[in-house]
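>
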Amino acid sequence: MKFEVTILGSSSATPVFNRNPSAQLLNCNEKCYLIDCGEGTQQQLAKFNLKAARIDYIFISHLHGDHYFGLIGLLSSLHLNGRIKPMQIFGPKALLEILEIQFKYSDTVLRYPIEFFPIEADEPKLIFENSDLTVKTIVLNHRIPTTGFLFQQKKRQRKLIKDKAENVPMAYYTALKKGMDVELPNGEILRSEDYTVAADAPRSYAYCSDTLFDESYLPTIMGCDTLYHEATFMHDLLDRARETHHTTAQQAAEVANIIGAKKLLIGHFSSRYKTLQMLFEEAQAGFENTELAVEGRTFQL
Ligand SMILES: [Zn+2]
Ligand SMILES: [Zn+2]
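Residue numbers (this note's numbering): 4 to 304.
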């Protein structure tokens, strides 16, 4: 099952050095989830040949502009392009008011419904679930209420071994895939483990957008496979990071180590850094399997 994320924006605060503000597109089993929507997100989708129309779920971490200024533009374009299927949006309560006031004064009535789900940044909660995955909030420590998002695949059924299963009536497939042994009318027992193999272990992806390095959110993301963590500054600017409720590259690596992540993606880079190599090296010194979450890169989760 496909489970991958494409980076659309990696800049903090302002678009600079060809870096766009925060946005990522998660594809799980060909369903598309947009995570944050900084200015220019729709152009970034087009640039990387990703279809905005395929997005059915949008998750906004907080109301600093670098995480949602692209939303009104994206929603408007979908309307102009004839979308009629609903869009589910998860974000801080005031986001709906912000959207509505813009639609009101542009006299826009969207052709498609927005289903809005307000998020409180008080405790981690399950906010979304379908047959592929669950999404939980991660309560972060930022200057305004902020949540990250933990995407966890669900455990999948065992997979049929094709060669062996072709001699078995299809009516028994469901039970075998569920791990149950079945008895044929002639009394023969088919053991699930002879006809199926275990599915790949479910994987998880934690998106930690803007936060002070803090122990409070670590239990929520403990053991997650891939961690995206902001790394706005180098560690020599620790004081500045604390002041602005952000994290350094070194601290992002520390988080990855503490929670036992398999891979770390760092992003949300300050506009003071024209190139990112130093941030990368600082994080990698603390956590080997680090990657830069730069625009256009797709990571298998
Ligand atoms: Zn930000
Ligand atoms: Zn912020």
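Even for Gly, the Cβ is constructed at its ideal location relative to N, Cα and C. For clarity, every value in this text was computed on a predicted model and none was experimentally measured.
Using the Cα positions of N170 and F216, report the straight-line distance between them to the nearest angstrom.
If I take the Cα positions, the gap works out to 57 Å.
> Rounded C-beta distance between V258 and H232? I'm assuming under 8 Å.
Indeed, because the Cβ distance is near 6 Å, the residues count as touching under 8 Å.
> Can you check whether the CB of Q156 is closer than 7 Å to the CB of R335?
The shown model of the chain, from 4 to 304, leaves out residue 335, and the question about it has no answer.
> Going by the DSSP bridge assignment, what does C31 pair with across the sheet?
Beta-bridge pairing links C31 to F6, K34.
> Taking contact to mean 3 or more Cβ pairs, one atom from each stretch, closer than 8 Å, check whether the region 280-295 and the region 32-39 are in contact.
Counting Cβ pairs under 8 Å, fewer than three are found: no touch.
> Taking C-beta to C-beta, are L53 and L83 nearer than 7 Å?
Not a contact, by the Cβ cut-off of 7 Å.
> Taking the alpha carbon of A56 as the point to measure from, which residue in I87, C40, K50 has its own alpha carbon closest?
Looking at the Cα atoms, I87 is the closest of the given residues.
> Could you say if the region 41-48 and the region 57-74 meet the contact criterion of at least three C-beta pairs nearer than 8 Å?
These segments touch.
> Assuming A244 and G270 are in contact, meaning their beta carbons sit under 8 Å apart, how far apart are those beta carbons, in whole angstroms?
That pair is no contact at about 15 Å.
> Between which residues of its own chain and R161 is the CB-CB distance below 7 Å, once the five residues before and five after are set aside?
These residues qualify, in order along the chain: K180, G182, S195, T199, V200, A201, A202.
> Grab me the residues of L74's own chain with a C-beta within less than 6 Å of its C-beta, minus the 5 sequence neighbours each way, in chain order.
Closer than 6 Å at the Cβ level, and outside the excluded window around L74, lie C40.
> Suppose only complete runs of 3+ residues qualify. What are the beta strand (DSSP E) ranges in the region 200-252, listed by chain order?
Runs of the beta strand (DSSP E) inside the region 200-252: 207-211, 229-233.
> Taking C-alpha atoms, which residue in G94, T247, Y276, I117 lies nearest to I141?
It is G94 whose Cα lies nearest to the Cα of I141.
> For I269, list the residues DSSP reports as bridge partners.
Bridge partners of I269: H232, L295.
> Alpha carbon to alpha carbon, what distance is there between I164 and P2?
The chain is shown from 4 up to 304; residue 2 falls before or after that span and cannot be answered.
> Are R116 and P89 touching if we call contact CB-CB under 7 Å?
The question names Arg, yet the displayed sequence has Pro at residue 116. Their beta carbons are under 7 Å apart, which means P116 touches P89 by this criterion.
> Can you check which of these residues, A256, T247, G263, A97, is closest to G226 by C-alpha distance?
G226 has its Cα closest to that of G263, out of A256, T247, G263, A97.
> Under 8 Å Cβ to Cβ from K167, same chain only, skipping five residues before and after it: list those, please.
Cβ neighbours of K167 beyond the five flanking positions: D197, Y198.
> Nearest to G12 by CA position, among M4, N133, G289, L48, is which residue?
Here the closest residue by C-alpha is L48.
> Using the Cα positions of L304 and S14, report the straight-line distance between them to the nearest angstrom.
Approximately 22 Å, taken between the alpha carbons.
> Out of curiosity, what's the CA-to-CA distance linking L37 and Y210?
About 12 Å.
> Based on the DSSP output, what are the partners of K162 in its beta bridges?
Partner(s): V200.
> DSSP beta-bridge partners for M90?
DSSP, once it has assigned bridges, lists I117 as partnering M90.
> Over the uninterrupted beta strand (DSSP E) stretch that includes T17, give me the two end residues.
Per DSSP, T17 belongs to no beta strand (DSSP E) and is neither H nor E.
> In this structure, does DSSP put A124 in helix, strand or coil?
A124: coil per DSSP, three-state reduction.
> Output the boundary residues of the alpha helix (DSSP H) element that contains M284.
Residue identity differs from the one stated: residue 284 is Glu in this sequence, not Met. Where E284 is concerned, the enclosing alpha helix (DSSP H) stretches over 280-289.
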